[in-house]
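Have a look at the structure below, then the notes.
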Amino acid sequence: MAAVQGNMVDAKDEADIKAEPVSDGFGNNHANDARLLSASPGSSAAAGNSKPAAGAPEDQQTLLAVLQFLRKNKLSESAEILRREAGLPEEVLDLKGGDSAGPGQGGSADTDGGDASSLLSRVTVSTPGGAKAPTKAGEDQPDVNVVLSAYSQQGDPALYEVYYSGLKKFIESVLDCHRAELSQVFYPLFVHMYLELVYNNHESVAKAFFEKFSGDQECYYEEDLRVLSSLTKKAHMRGNETLLDFRTSKFVLRISRDSYQLLKRHLQERQNNQIWNIIQEHLYIDIFDGMPRSKSQIDAMSGSLPGEAKREANKAKVYYGLLKEPEIELPLDDEDEEAENEEGKPKKKKPKKDSTGSKSKKQDPNAPSQTRIPLPELKDSDKLDKIMYMKEATKRIRLAPDNLPSICFYTFLNAYQGLTAVDVTDDSSLIAGGFADSTVRVWSVTPKKLRKVKTAADLNLIDKESDDVLERIMDDKTASESKCLYGHSGPVYGISFSPDRTYLLSSSEDGTVRLWSLLTFTCLVGYKGHNYPVWDTQFSPYGYYFVSGGHDRVARLWATDHHQPLRMFAGHLADVTCTRFHPNANYVATGSSDRTIRLWDVLNGNCARIFTGHKGPIHALAFSPNGKFLASGATDGRVLLWDIGHGLMVGELKGHTDTIYSLRFSRDGEILASGSMDNTVRLWDAMKAFDDLETDDFTTATGHIHLQDNSQELLLGTYMTKSTPVIHLHFTRRNLLLAAGAYNP
């Protein structure tokens with residue numbers, strides 16, 4: 201069986217399997233059951249991945265739910281095999297819903313499988329003192345009721361206020377160096393103690409507890425506390441997403457060892473089991489050796505729904521380097537002088553490689569292999585486009601603090617249908633807008649008008665061998681400056697052009713992502729996978745792949761020729777609000793309303809990085825052209841800079857007064873532009889922000905650095921609109937900055 205499951209079995213394990221006594225086929229081999237129950241992880245009993253720890257109540261609980269499902273669906277043989285693998289006694293299957301009540305069972309069997317919790321008590325070792333065993337956070341539970349039942353009464357409700365006040369008094373009296381770190385426990389403790397009181401129907405006590413201590417929490421938890429204040433009765437808790445988030449994911453705190461020992465000693469001396477139980481069951485304390493962090497260092501990293509990221513979450517190797525560009529000869533223009541051509545030669549590569557080591561033809565040691573993920577082959581039209589790209593690159597303006605880009609602003613006037621999304625093609629020839637009236641509109645921003653392909657009958661008359669066949673297939677009668685695309689049945693929240701400008705993606709409140717042809721201006725495919733609004737979608741830098749994220753908290757990776765997603769990136773505790781591909785297309789970054797950013801590996805779907813620090817939902821992401829850094833913007837008005845390789849925050853840019861909706865690095869990575877709902881575009885000296893970093897700043901032991909408050913030094917310029925929120929930014933191939941938004945009278 202182990203071989204069927206795909207597990208490697210060594211010779212010793214194989215011998216153990218063969219030596220097992222033959223069962224009668226119904227699991228009546230009690231000697232074998234006993235051996236399975238006491239098997240060590242290295243024995244043959246553990247050869248199958250499904251083997252849980254037999255004595256762990258939380259594993260048994262999940263196991264019983266699975267057995268119940270199998271029996272209910274008449275999969276008795278599978279249930280029997282699973283029972284024997286897990287080492288459970290055979291009467292469990294009879295208890296789980298046999299067709300008839302067996303002798304000694306005291307009445308008829310429940311055809312739906314009975315109550316999982318009552319069965320659990322009959323097949324597991326009872327916990328000391330009769331207390332309910334804590335369940336592992338984040339584990340699949342048989343029922344929501346199991347989640348809620350964790351808030352069982354553990355003491356006099358009147359003492360909750362005393363417990364919390366006592367801990368607060370203790371933390372306020374410790375040394376300053378420990379106080380900031382220990383103060384982190386206030387918020388998660390407050391939430392769980394309040395929920396326990398509500399669940400156990402102590403409504404008046406819970407209300408008094410909330411009113412007394414809610415004002416002591418950090419200001420960035422204000423929105424969470426507002427939601428929490430509406431949970432005043434036990435009935436309100438059932439199915440509440442906020443509650444389930446707190447219950448099923450442990451709140452992560454990063455605390456130095458000295459501070460942790462101080463807290464532990466205090467709670468043990470006071471015999472404060474109530475608080476100690478909550479800390480053990482609902483909190484994950486990531487202990488590090490070294491000096492305690494300062495208040496400013498903690499505030500920089502805190503604020504997200506699940507707390508800080510665990511340090512091990514950011515230890516995985518990330519291949520952030522760029523892929524090697526294909527060798528394409530750049531033809532020389534007749535009007536170019538020879539000297540200019542000589543200067544242009546080194547820039548044959550994509551400008552994204554203008555940073556360190558770009559002119560070397562050697563493979564970047566930090567780059568993934570060319571074949572790590574399958575990428576589409578270059579078509580002739582792609583090669584022509586790359587040649588045009590390289591020609592433009594030779595004429596690119598080199599930006600610097602004393603040479604800022606010009607900014608061209610596209611204002612959508614009379615956009616009463618509500619502009620919700622904007623995108624511009626890589627060559628800056630087309631601009632598209634998504635609107636609240638379910639439409640998508642595409643404009644040409646060059647003198648060349650938009651045309652459709654001719655009808656099939658007309659296409660048959662064309663000489664397909666002619667040099668200008670691509671021009672002949674277009675119908676001049678359909679030429680216009682803009683086209684409107686109809687198909688969605690809800691507001692359009694995200695749009696993205698394909699790199700070759702032949703397709704356009706749009707995502708909508710209707711739960712679909714649509715792929716539009718820019719040759720026929722019709723919808724080719726409707727991708728259905730999300731059950732709720734899809735907030736954002738984006739094409740890969742190489743085309744073919746695209747990513748979407750929505751209200752269902754999941755980001756999905758798609759390919760244009762597959763109607764089902766290739767990968768599902770699940771882990772966020774709230775809506776996935778924005779998505780962005782890494783320049784090498786091997787990673788996807790997602791920003792969420794849970795105030796975290798996650799970096800996902802396209803190859804295996806694993807989460808490679810978790811970044812915390814924003815105090816509001818994240819709405820903008822941008823990778824630097826060299827792939828080393830990530831910038832993020834949120835409703836808190838801050839731009840945070842992240843080093844992807846080390847997995848750490850390396851900068852904070854403050855200046856905006858409202859939500860940041862767009863971020864974009866210049867083509868050479870020198871300048872970072874940010875657009876906000878405060879009607880401004882700001883330019884930042886990205887090169888200085890990253891050059892000031894030294895390797896010594898990265899303290900891997902504690903996983904944090906001291907951030908410089910140098911926003912004013914890095915701010916190069918602020919450009920205001922009359923009354924137009926900036927919702928999109930785009931650098932042209934020559935480093936002209938384009939911005940777009942709808943005039944708000």
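First residue of the sequence shown? That's 201 in my numbering, and the numbers climb one at a time after it.
Glycine residues also receive a C-beta, built at the ideal position from the N, C-alpha and C atoms.
In this text the structure is predicted, and so the values were computed from the model without any measurement.
- request: Helix, strand or coil for D499, going by three-state DSSP, please let me know.
  value: Residue state, collapsed to three classes: helix.
- prompt: Expressed to the nearest angstrom, what Euclidean distance is found between the alpha-carbon atoms of L431 and V385?
  reply: So the two alpha carbons sit approximately 21 Å from each other.
query: So, using beta-carbon positions, are T722 and S696 closer together than 7 Å?
result: No, the pair does not count as a contact, with Cβ atoms beyond the cut-off.
- prompt: If you run the structure through DSSP and keep just helix, strand and coil, what is R493?
  reply: DSSP places R493 in coil when its eight states are reduced to three.
- prompt: Exposed or buried, what is D602 when buried is set at 16 or more other beta-carbons lying within 10 Å of its beta-carbon?
  reply: Per the 10 Å Cβ criterion, exposed.
- prompt: Does the separation of the CB atoms of P699 and D580 fall below 7 Å?
  reply: No, they are not a contact pair.
message: What does the alpha-carbon distance come out to for the pair A500 and I797?
response: Those two C-alpha atoms are separated by around 14 Å.
query: How many angstroms separate the CA atom of P576 from the CA atom of N514?
result: A straight line joining the alpha-carbon of P576 with that of N514 spans about 30 Å.
- prompt: For G164, which residues of its own chain have a beta-carbon under 6 Å away from its beta-carbon, when the five flanking residues on both sides are left out?
  reply: Residue 164 lies beyond the residue range present for the chain, which begins at 201 and ends at 945; the question has no answer from this structure.
query: Rounded to a whole number of angstroms, what is the C-alpha to C-alpha distance between K652 and P741?
result: K652 and P741: Cα-Cα distance of roughly 25 Å.
query: Do you know whose CA, among I475, M393, Q570, lies nearest G521's CA?
result: Per the Cα distances, Q570.
message: Counting C-beta neighbours from all protein chains within 10 Å, is the total for S373 16 or more, i.e. buried, or is it exposed?
response: That one is exposed.
message: What ranges does the beta strand (DSSP E) occupy inside the segment 351-437, keeping only unbroken runs of at least 3 residues that lie completely in it?
response: Entirely contained in the segment 351-437, not one beta strand (DSSP E) run reaches 3 residues.
message: Across the segment 799-818 and the segment 768-783, are there enough close Cβ pairs to call them in contact, namely three or more that are closer than 8 Å?
response: Cβ pair count under 8 Å is three or more, so yes.
- prompt: By the 10 Å Cβ neighbour count, where 16 or more other Cβ atoms means buried, how is Y686 classified, buried or exposed?
  reply: In the assembly as shown, Y686 is an exposed residue. Its beta-carbon has fewer than 16 other beta-carbons within 10 Å.
task: Return the residue from the list L821, C807, R795, A808 that minimises the CA-CA distance to H814.
output: The shortest C-alpha separation from H814 is found at R795.
task: Could you check if R457 is buried or exposed, using at least 16 other CB atoms within 10 Å of its CB as the buried criterion?
output: With fewer than 16 other Cβ atoms within 10 Å, it is exposed.
task: Pick out whichever of S429, M393, E403 has its Cα sitting closest to the Cα of N477.
output: M393 is the residue among S429, M393, E403 whose C-alpha sits nearest the C-alpha of N477.
query: Cα separation between L613 and L863?
result: Looking at the two C-alpha atoms, the distance is approximately 23 Å.
query: According to the Cβ coordinates, are T918 and T880 closer than 7 Å?
result: For the pair T918 and T880, the CB atoms are nearer than the 7 Å cut-off.
query: Could you give the distance in angstroms between the alpha-carbon of C684 and the alpha-carbon of V640?
result: Their backbone Cα atoms lie some 6 Å apart in a straight line.
message: Using a Cβ-Cβ cutoff of less than 6 Å, which residues in the same chain neighbour R672 once the five nearest sequence positions on both sides are dropped?
response: Only I662 meet the Cβ criterion.
query: Relative to the ligand ATP, is the shortest distance from any of its heavy atoms to the C-beta of F410 smaller than 6 Å?
result: Of ligands this structure carries none, so the ligand ATP is not represented either.
field: With 16 other Cβ atoms within 10 Å as the buried cut-off, status of Y703
entry: Looking at its Cβ environment, which holds 16 or more other Cβ atoms inside 10 Å, Y703 is buried.
- prompt: Which residue comes first and which comes last in the beta strand (DSSP E) that contains K586?
  reply: That residue, K586, is in no beta strand (DSSP E); its alpha helix (DSSP H) goes 580-594.
- prompt: Which residues mark the beginning and the end of the beta strand (DSSP E) in which F931 is found?
  reply: Looking at the DSSP string, the run of the beta strand (DSSP E) that includes F931 is 928-931.
- prompt: Are the Cβ atoms of Y861 and H819 separated by less than 7 Å?
  reply: Annotated as proximal: Y861 and H819, with beta-carbon spacing under 7 Å.
Touch test, the segment 463-478 against the segment 494-509, Cβ-Cβ under 8 Å, three pairs minimum: No, because fewer than three Cβ pairs between the segment 463-478 and the segment 494-509 fall closer than 8 Å, the two stretches do not touch.
message: Restricting to Cα atoms, I'd like to know which of I844, G875, L848 is closest to T857.
response: Nearest C-alpha to T857 among I844, G875, L848: G875.
query: What is the DSSP secondary structure of P677, counted as helix, strand or coil?
result: First, the amino acid is wrong: residue 677 is Lys here, not Pro. Note: K677 maps to strand in three-state DSSP.
- request: Determine the direct distance from the alpha carbon of N660 to that of A889, and round the result to whole angstroms.
  value: Whole-angstrom Cα-Cα distance: 58 Å.
query: Do you know offhand how far I479's Cα is from Q268's?
result: As the crow flies, the alpha-carbon of I479 is around 32 Å from that of Q268.
- prompt: Do you know how far the Cα of K591 is from the Cα of V850?
  reply: Cα to Cα, V850 sits roughly 35 Å from K591.
message: Using CA atoms only, rank isn't needed, just tell me which of V734, S792, T760, R701 is closest to L724.
response: Measuring from the Cα of L724, the nearest candidate turns out to be T760.
- prompt: Which one or two residues does DSSP pair with A621 in a beta bridge?
  reply: For A621, which the question treats as bridged, DSSP gives the partners G634.
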